[in-house]
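Visitor:
There are 2 protein chains.
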Amino acid sequence: MQTETKSQPTKGIRQLAEHLNISIGTVSRALNGKPDVNQETRRRVLAAAEELGYVANQSGRSLRQGETKVIGLMIESSKETVENADNFFLGVTSGLQSVFARHKLDLIMLPCPSDEDPHEYLKRMVARRIVDAMIISDTQRVDRRIDFLSRAKIPFVALGRSLSAGNFPWIDLDFEGVADHAVKRLIALGHRRIAITAPSSEANLGYLFIDSYRRALERHDIPFDPSLVIRVRSSEQGGYQAAHELLLLEERPTAVILIYELMAIGLYRRLMESGVMPGRDLAVIGFRDAPRARFLQPSLSCFRISLYDLGVALGRMLLATMPAYRQFYPGGDRNIIWPLELMAGESDAFDVGAMV
Amino acid sequence: MQTETKSQPTKGIRQLAEHLNISIGTVSRALNGKPDVNQETRRRVLAAAEELGYVANQSGRSLRQGETKVIGLMIESSKETVENADNFFLGVTSGLQSVFARHKLDLIMLPCPSDEDPHEYLKRMVARRIVDAMIISDTQRVDRRIDFLSRAKIPFVALGRSLSAGNFPWIDLDFEGVADHAVKRLIALGHRRIAITAPSSEANLGYLFIDSYRRALERHDIPFDPSLVIRVRSSEQGGYQAAHELLLLEERPTAVILIYELMAIGLYRRLMESGVMPGRDLAVIGFRDAPRARFLQPSLSCFRISLYDLGVALGRMLLATMPAYRQFYPGGDRNIIWPLELMAGESDAFDVGAMV
DNA sequence: ACGCACTCCGTAAACGTTTACGACTGTATG
DNA sequence: CATACAGTCGTAAACGTTTACGGAGTGCGT
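Read top to bottom, the protein sequences are chains D and Y.
At position 341 of the first sequence the residue is numbered 937 (my numbering), and the sequence of numbers has no breaks.
At position 247 of the second sequence the residue is numbered 843 (my numbering), and the sequence of numbers has no breaks.
What follows is the structure, encoded as structure tokens:
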């Protein structure tokens, strides 16, 4: 005849009902805020649930309702992503969660193993019904995940454009604006030969970035020179290599635009090894800043982005596509070009006209 | 009279059974590799499942079996973590997944919102039965999560020691070894005043690091000077500030040990602003390297760690605590002190004895 | 002809929820 | 007094699996 132990979580709603001498139906209704339950009863149920530490089993609930109240953020743990090392996703995550929390939705991150096809991984995850909706990133030029999600009618939003599947919701960075701003700025400082780095992967981002760069140049009557597009990994190592290749060019450019700001570390290193001083002999502008850009020597001029705000926008756009939540987010755009703001530093703060 | 559309995923095992004209029990057994099913039948089932794109609904399965086949990796998306920006977790993730994949376990990352109590968050997640087991990190000095998981008998492993709950499985970095190695090395180069940076949070890591440092000093008959412990954030900004404080000390140290290698960026910057050259006027040794340390100027001497291997060890240790998988990982340690290897760079490559 | 072992498969219960439906009060309305 | 209605609550079905159990068929030895 031992007294009840309240240390472990309850066995389920049944036990809770039994403890209260009412039916499980009423308990469920009380917990879920359904209307037809007496105020006093509801109070008792909530109190007992709190006391016994009852939390609804998600499997049972999901099975019954056909939804999991979980949103998945798919990220690729590729070597490239790990090397970028800017905690990009963690930053976005906070913004996402601030939106989801209002609707009692949980966010989980789904890291696709590097040896698994992202498309297969995604299919597996949604088929298992672990999540109700998806946020995907690192969109490829043609991305089968987008076709799949569209056809399967899984709510989703992409961080990044793609050529796939007509009209899907996405947010992407304003490469056009960035390239235009950077080029215009450099030209005003007297530069004519402006190099750019781009990733060698199939990510759409690289294509868009280069296209924008090319158009920005042409708008200013500067011919596009393919040899000024340096294809390297987006890491410190890549930056080092990019500088190496820049130094080998017959007619050396006077400026370079980096697609990831961290590359500047390696780039600076290699330049200095050859006695070329960034911010004096070569202008450098970075992209997708993390605050660290301020602390490089010389400090990096760099396009900054608020990851939190980006996350909020992504979250809202996603919920707007889900019937159950659409009402809360009316009239938002289905596609957003996300603007970036230039934080001026010392790395391009000189007039090349004075040189030569 | 339209032909069947195979575009969307199947409605369930029932539909699949019906399509094959056999019972759902047999289908389930065939799919799960149970013994008592005819070879030919199994083949047909698997083929049909493939063709119709059937994947078992996880909710139904979890409900029946009481397990989810999902392991959770809890991470804190605190400002501090985002600032560290070393993609530490993504690195560990690959190692974990390589272990879990063998057992068809999936790994999800659970980012605890910064405005939610980690303990509450964890409770919510395991109560909802979203995961079978947990990997937690950023262990605090006293960490209620550990007591909770132990009492609730949820399999888990911690990345980081803690004073909480007697004997739980963990892996932690070899602070003792690192401090000893660094101090010994610096002393051999003639240093006597060696500073160190530590986080200001309640994370156990900071305490352990400082303790090890203190003991290493005392072992070499150097008195511990509290003013040489610089408490700053573990970011570039923190590095900048640390350098600032170092420069203000009446008797300036000749060496400094950084708890995060990224801090070196800000540190270098601040030093150079005052004409102090790292690697010549001040020795710098970093901790917990990312490869980027090699590309700083001067390159950072730094303790390196293989995140992948660490992930593998964590995964194995976790499975060893789970009854269903224990057999595959016999005789492993329940606690591991993870060694780090010093990658010598230029940042401490000078003999301070020659100075003064 | 019978029993037995073995292989294969169908039946149905169970997992923990939510929810449509109906039953039971008490009270207001005609 | 009959009826309607609102407020509560209990009952039972349903969600998609897995699995214990038993039955049907076959082959084989006696």
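Glycine included, C-beta positions come from ideal geometry on N, C-alpha and C.
Going by C-alpha to C-alpha distance, which of D:830, D:736, D:917, D:895 sits closest to residue 751 (chain D)?
Guide: D:917
Visitor: Helix, strand or coil for residue 661 (chain D) per DSSP?
Guide: helix
Visitor: Could you work out which residues of chain D lie near residue 893 (chain Y), taking near to mean beta carbons separated by less than 9 angstroms?
Guide: 861, 864, 865, 868, 869, 893
Visitor: Terminal residues of the continuous beta strand (DSSP E) containing residue 825 (chain Y)?
Guide: Note, residue 825 (chain Y): beta strand (DSSP E), 825-827.
Visitor: Could you check if residue 728 (chain Y) is buried or exposed, using at least 16 other CB atoms within 10 Å of its CB as the buried criterion?
Guide: buried
Visitor: If I measure Cβ to Cβ from residue 775 (chain Y) and keep anything under 6 angstroms in the same chain, skipping five residues before and after, which residues do I get?
Guide: 808, 809, 812
Visitor: Quick one: measure Cβ to Cβ for residue 705 (chain D) and residue 707 (chain Y), integer angstroms, because I've assumed they're closer than 8 angstroms.
Guide: Contact between residue 705 (chain D) and residue 707 (chain Y) is confirmed by a C-beta separation of about 6 angstroms, below the 8 angstroms threshold.
Visitor: Strictly below 7 angstroms CB to CB, what residues from chain D border residue 827 (chain Y)?
Guide: The premise fails here: residue 827 (chain Y) is roughly 19 angstroms from chain D at the closest Cβ pair, so nothing lies under 7 angstroms.
Visitor: Within 8 angstroms of any Cβ in chain D, is that where the Cβ of residue 832 (chain Y) sits?
Guide: Taking CB atoms only, residue 832 (chain Y) has a neighbour in chain D less than 8 angstroms away.
Visitor: Pull out every residue of the segment 627-658 of chain Y whose Cβ sits closer than 9 angstroms to any Cβ of chain D, in chain order.
Guide: 649, 650, 651, 652, 653, 654, 655, 656, 657, 658
Visitor: Is DSSP giving residue 645 (chain Y) helix, strand or coil here?
Guide: helix
Visitor: So is residue 915 (chain D) in contact with chain Y if we call contact Cβ pairs under 8 angstroms?
Guide: No, because no Cβ of chain Y sits closer than 8 angstroms to the Cβ of residue 915 (chain D).
Visitor: Closest by CA to residue 700 (chain Y), which one among D:764, D:618, D:685, D:721?
Guide: Cα-wise, what sits closest to residue 700 (chain Y) is D:721.
Visitor: Just to confirm the assignment: which complete beta strand (DSSP E) runs, minimum length 3, are found wholly within the segment 839-910 of chain Y?
Guide: 851-853, 879-882, 897-900
Visitor: Round the Cβ separation of residue 893 (chain D) and residue 798 (chain D) to the nearest angstrom and send it over; I've been treating them as touching at under 8 angstroms.
Guide: That belief does not hold up - the Cβ atoms of residue 893 (chain D) and residue 798 (chain D) are roughly 35 angstroms apart, past 8 angstroms.
Visitor: Please work out which residues of its chain come closer than 7 angstroms, Cβ to Cβ, to residue 900 (chain Y), disregarding the five sequence neighbours upstream and downstream, and give them in chain order.
Guide: 885, 936, 937, 939
Visitor: Who are the neighbours of residue 800 (chain Y) on chain D, taking C-beta pairs under 8 angstroms?
Guide: Under the 8 angstroms cutoff, chain D gives no residues; its nearest Cβ is about 21 angstroms from residue 800 (chain Y).
Visitor: Which residue comes first and which comes last in the alpha helix (DSSP H) that contains residue 800 (chain D)?
Guide: 800-815
Visitor: Hey, is residue 856 (chain D)'s beta-carbon within less than 8 angstroms of any beta-carbon in chain Y?
Guide: no
Visitor: Excluding the five sequence neighbours on either side, which residues of its own chain have a C-beta within less than 7 angstroms of the C-beta of residue 734 (chain D), listed in chain order?
Guide: 672, 756, 799
Visitor: Kindly provide the ranges of any beta strand (DSSP E) runs that are 3 or more residues long and lie completely inside the segment 694-737 of chain Y, ordered along the chain.
Guide: If we require 3 residues or more, the beta strand (DSSP E) runs fully inside the segment 694-737 of chain Y come out as 702-708, 729-732.
Visitor: Can you find the residues in the same chain that come closer than 7 angstroms, C-beta to C-beta, to residue 870 (chain D), ignoring five residues on each side of it along the sequence?
Guide: 843
Visitor: Could you name the residues of the same chain whose beta carbon sits closer than 6 angstroms to that of residue 792 (chain D), not counting the 5 residues immediately before and after it, in chain order?
Guide: These residues qualify, in order along the chain: 809, 825, 853.
Visitor: How far does the beta strand (DSSP E) with residue 768 (chain D) in it extend, from its first residue to its last?
Guide: Looking at the DSSP string, the run of the beta strand (DSSP E) that includes residue 768 (chain D) is 766-769.
Visitor: Quick check: does the Cβ of residue 629 (chain D) come within less than 7 angstroms of any heavy atom belonging to the ligand ATP?
Guide: This structure does not include the ligand ATP; it has no bound ligands of any sort.
Visitor: Compare the C-beta of residue 693 (chain Y) against all C-beta atoms of chain D and say whether one is closer than 8 angstroms.
Guide: Yes, contact with chain D.
Visitor: Do the CB positions of residue 572 (chain Y) and residue 789 (chain Y) come within less than 8 angstroms of each other?
Guide: With chain Y covering only 597 through 952, there is no way to say anything about residue 572 (chain Y).
Visitor: Please state the DSSP three-state secondary structure of residue 652 (chain Y).
Guide: coil
Visitor: So for residue 832 (chain D), helix, strand or coil by DSSP?
Guide: helix
Visitor: Tell me, to the nearest whole angstrom, how far the beta carbon of residue 921 (chain D) is from that of residue 891 (chain Y); I am working on the premise that it is less than 8 angstroms.
Guide: No, residue 921 (chain D) and residue 891 (chain Y) are not in contact; Cβ-Cβ is about 45 angstroms, not under 8 angstroms.
Visitor: Anything in chain D within Cβ reach of residue 704 (chain Y), meaning under 7 angstroms, just list it in chain order.
Guide: 704, 705, 706
Visitor: Terminal residues of the continuous beta strand (DSSP E) containing residue 938 (chain Y)?
Guide: 937-939
Visitor: For residue 726 (chain D), would you say it is in contact with chain Y, using Cβ-to-Cβ distances shorter than 8 angstroms as the test?
Guide: Yes, its Cβ sits closer than 8 angstroms to a Cβ of chain Y.
Visitor: Is the number of C-beta pairs between the segment 682-691 of chain Y and the segment 614-632 of chain D that are closer than 8 angstroms three or more?
Guide: no
Visitor: Among D:832, D:932, D:820, D:787, whose alpha-carbon lies nearest the alpha-carbon of residue 944 (chain D)?
Guide: Of the candidates D:832, D:932, D:820, D:787, the one whose C-alpha sits nearest the C-alpha of residue 944 (chain D) is D:787.
Visitor: Under a CB-based cut-off of 8 angstroms, is residue 697 (chain Y) close to chain D?
Guide: Closer than 8 angstroms: yes.
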